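Chains as they are written, first to last, in this note's numbering: chain P, 11 to 587; chain L, 896 to 972.
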Amino acid sequence: MINFSLDLNEQKTLWQRWVYNARNNPDREAIVHWVAGEEPFRWNYKKLIDTARKYSAFIKAAGVEKDQVCAIIIRHNPFFYPIYLGVSRTGALPAVLAYPNPRLHPDKFRQGIEGMSQRSGLHYILTERELEPLITPLVEKPGSTIKKILFPLEWALDNEIDYKIDSEIEAVSNSIFSTEPVLLQHSSGTTGLQKPVMLSHLAINRHITALGKALKLTPEDKIVNWLPLYHDFGLIAAFLIPLTLGVPTVHMDPFQWVIAPVILLEAITKEKGTITCLPNFAYNIMADKIPDEELRGIDLSSVRTVLNGSEPIRHYSHQRFVDRFSKYGLKPNVLACVYGMAEITMALVVTELGKPITELVVDRNELAKGILKFADEYSVKRYCVSSGRLIEGCKAKVVDENKNELSTGSVGEFVVSSQSMFDGYRNYPEKTAEVLKEGWFLSGDYGFIYNDEFFVIGRKKDIIIVAGKNIYPEDIEDAVNQAQGVIPGRVIAFGQDDETMGTELVSVVAETKVETEAEKNKVRMAVLRAGMSIDVNISKVYLVPPRWLIKSSAGKPSRKANKERLIEGTDPSVWSR
Amino acid sequence: MISPELKKVILEQLNLDDFDIQDETIAPQVPGWDSLNHINIILAVEKHFGVKFKSIELLRLKCVGELQKLVDSKLGK
């Protein structure tokens with residue numbers, strides 16, 4: 011049994027809870043680092059904590075102090091975990107960032123880091139030697155907040171830890187209050203749109219209890235995870251919660267999973283995994299893209315929960331997943347859903363485990379008008395999948411544009427309150443004030459509540475979610491504005507639902523003066539390359555003549571109006587590919 | 896060297912008319928060839944050539960030239 015009633019005054023920091031686990035269950039498996047085709051690297055709690063202590067000494071010796079921000083940019087590596095824990099022990103704030111994809115332009119990568127540095131006051135970057143030439147110019151730049159680049163994978167761990175440094179760190183670590191920040195979560199983005207979410211030990215500890223209970227975690231569970239740890243779904247649900255509650259987790263490389271998705275099923279089979287977390291698109295990939303021959307020997311009978319979160323949940327994705335894997339032992343009632351946001355640590359609602367997920371078949375056209383009406387024989391149907399009921403310590407309501415609470419069944423914006431609420435965006439009080447009103451967080455997500463269950467149907471913000479990754483259209487538009495043949499400032503980007511892939515794909519519409527087919531193809535290539543420079547794959551390009559785009563009242567091209575016009579219309583002046 | 900046949904399958908899958916694909920070309924250099932699309936390209940190559948790749952073989956691929964070699968080895972070339 012997991013003790014969910016630990017005294018959080020005794021175990022006030024995450025580090026203390028990890029040490030508690032190491033003392034009480036030193037040999038218990040904590041993390042299994044999985045690499046396809048190799049023997050996994052296994053961390054038990056004692057080894058993990060001992061190694062984290064050594065890293066903390068190096069980190070302290072490098073000059074890192076309490077409350078300073080340490081970005082960790084490291085690929086799938088067994089020593090990532092003790093490095094993360096080591097940073098936390100010193101009282102510094104770890105922030106996991108994505109390792110740059112080769113397609114990302116070096117300037118755009120630097121711009122992203124610089125934006126974070128200006129916003130959250132990034133102090134140290136813990137990374138791999140390969141990134142040194144890329145990051146060094148940022149450190150040397152006048153006025154940079156970044157003090158140093160550290161290469162922890164090169165540190166020699168053979169020596170005994172320096173007693174004096176260790177005592178100093180221990181003293182600092184013990185002096186941390188539960189209300190002090192423990193980590194930063196950065197949203198994606200390259201044009202300064204990133205919002206560093208600041209979370210305290212108390213918020214995370216409370217969330218660990220609330221979500222741990224909602225997921226009915228036990229020591230017999232084993233989570234198998236491919237989600238990247240720079241994403242809150244991966245970091246909170248698949249790393250911090252199980253590590254703190256003593257539930258072993260198998261971590262695999264997201265890049266390996268996407269190339270060979272069957273490795274998740276192999277790991278579940280070999281390790282007898284009980285829980286895995288997947289964004290919606292992954293259900294489609296797993297169901298449709300793995301050949302039968304690869305599934306020989308796969309046994310999913312140990313799985314008790316497959317948790318869908320971080321992008322809109324689709325009825326057909328679930329159906330295809332169960333249809334495909336039931337013959338491999340997958341039980342139909344293992345599917346579950348979660349909805350939440352980094353600003354409340356992660357989860358707001360979760361569906362009841364082991365029970366069928368509620369799905370409502372509603373009239374799509376009425377829903378678009380904000381009215382919940384069950385479908386009849388004349389309706390264009392839409393399946394709305396429940397994201398679940400509130401977890402412990404969370405409150406939520408649906409409000410209209412004037413922030414007036416709406417009755418059950420009405421469509422509006424979710425505003426939420428939680429015992430595990432963030433402490434604001436770091437160094438960004440104006441943005442915090444925009445979204446936090448009298449203790450309520452304005453989620454920007456639209457939906458309705460029916461029988462206490464939450465149904466998310468859309469977003470107020472224009473964020474595009476591709477395979478669980480949030481992309482700001484502004485970033486894409488900025489990049490595409492530079493593309494040759496495109497009229498600057500006359501570009502919009504938006505997400506288009508793709509049922510086959512089970513996610514949104516990025517579309518761009520740009521005004522251009524070119525007229526011939528060959529010229530338009532050239533402009534399209536320039537647009538695609540502009541997307542590549544910020545590591546965004548543009549799936550569809552619409553080219554339109556000058557002054558085609560509808561402007562919003564603010565004088566900028568309106569994403570919503572133009573998207574609707576493009577999808578509905580049959581304007582012969584629109585070229586697309 | 897990349898065969899015109901393999902290049903054609905890749906370009907068709909990516910909806911591109913032409914692109915300079917060499918042995919050393921890596922996926923992120925080709926417009927549209929992202930991690931999400933990778934699996935579609937692999938499935939298209941498998942279907943076109945009537946071959947099957949093992950996941951471990953796919954994980955070892957570093958560039959298009961290696962994909963070409965893998966296809967060739969499956970076809971007994």
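Glycine residues also receive a C-beta, built at the ideal position from the N, C-alpha and C atoms.
Since we're looking at a predicted model, the values are computed, not measured.
Only ASN910, LEU911, ASP912, PHE914, ILE921, ALA922, PRO923, GLN924 from the segment 903-924 of chain L bring a Cβ to less than 9 Å from some Cβ of chain P. What ARG539/P touches in chain L, judged by beta-carbon distance under 7 Å, is PRO926, going in chain order.
At a Cβ-Cβ threshold of 8 Å, ILE186/P and HIS217/P do not count as neighbours. Counting along the chain, GLY122/P sits inside the alpha helix (DSSP H) bounded by residues 116-130. Beyond the five residues adjoining it in sequence on each side, ASP172/P comes within less than 7 Å, by CB distance, of ALA67 in the same chain, given in chain order. Contact check for GLU521/P against ARG500/P passes: the beta carbons are separated by less than 8 Å. The alpha-carbon of ASN343/P is positioned some 41 Å away from that of LEU906/L. Along the length of the segment 390-414 of chain P, whole beta strand (DSSP E) runs at least 3 residues long occupy 391-395, 404-409, reported in chain order. C-alpha of GLY403/P to C-alpha of SER427/P: approximately 8 Å in a straight line. Inclusion of VAL518/P and ILE486/P in the CB contact set at 8 Å is warranted, their separation being smaller than that value.
Taking 8 Å as the threshold, the shortest C-beta distance from LYS969/L to chain P does not fall below it. Judged by their CB atoms, SER430/P and ILE214/P are nearer to each other than the 8 Å cut-off. For MET208/P, the pairing in a beta bridge is given by DSSP as LEU194/P. Taking 8 Å as the cut-off, the Cβ atoms of PRO92/P and ALA62/P count as close.
The straight-line gap separating the alpha-carbon atoms of GLU304/P and THR146/P is approximately 44 Å. Excluding residues up to 5 positions away in sequence, ILE308 lie with their Cβ nearer than 6 Å to the Cβ of LEU275/P in the same chain. Distance between ALA489/P and SER898/L, taken at the CA atoms: about 34 Å. In the DSSP assignment, THR254/P falls within the unbroken alpha helix (DSSP H) covering 251-255. For the pair SER930/L and ALA46/P, the CB atoms are not nearer than the 8 Å cut-off. In terms of beta-carbon proximity, ILE951/L lines the interface with chain P, with at least one pair separated by less than 8 Å.
In the DSSP assignment, ILE83/P falls within the unbroken beta strand (DSSP E) covering 79-83. Chain P places a beta carbon closer than 8 Å to that of HIS933/L, counting this residue as a contact. About 5 Å separates the Cβ atoms of GLN78/P and ALA102/P, confirming a contact at the 8 Å cut-off.
A Cβ-Cβ separation of about 4 Å places PHE424/P in contact with SER453/P under the 8 Å criterion. Following the DSSP letters along the chain, one finds ILE233/P inside the beta strand (DSSP E) bounded by residues 233-235. Among the residues of chain P, those whose CB is under 7 Å from the CB of LEU938/L are LYS299, following chain order. Residue pairing from DSSP places ALA105/P in a beta bridge opposite ALA81/P. Taking a beta-carbon distance threshold of 8 Å, LYS957/L does not count as an interface residue toward chain P. For the segment 475-491 of chain P, the beta-carbon criterion of a distance under 8 Å to any beta-carbon of chain L is satisfied by VAL476, ALA477. From the listed residues GLY434/P, PRO567/P, MET11/P, MET542/P, the smallest Cα separation to PRO116/P is found for MET542/P. Around the Cβ of VAL390/P, a 10 Å sphere holds fewer than 16 other Cβ atoms; the residue is exposed.
Remark: C-beta atoms of SER188/P and SER154/P do not approach each other more closely than 8 Å. With respect to the 8 Å criterion, LEU954/L and ILE269/P are classified as neighbours on the basis of their beta carbons.
Within the segment 35-52 of chain P, those residues whose Cβ lies closer than 8 Å to any Cβ of chain L are, in chain order, ALA46, GLY47. Note that the C-beta distance between VAL234/P and GLU281/P is below 8 Å.
DSSP places TRP53/P in the uninterrupted beta strand (DSSP E) bounded by 51-54.
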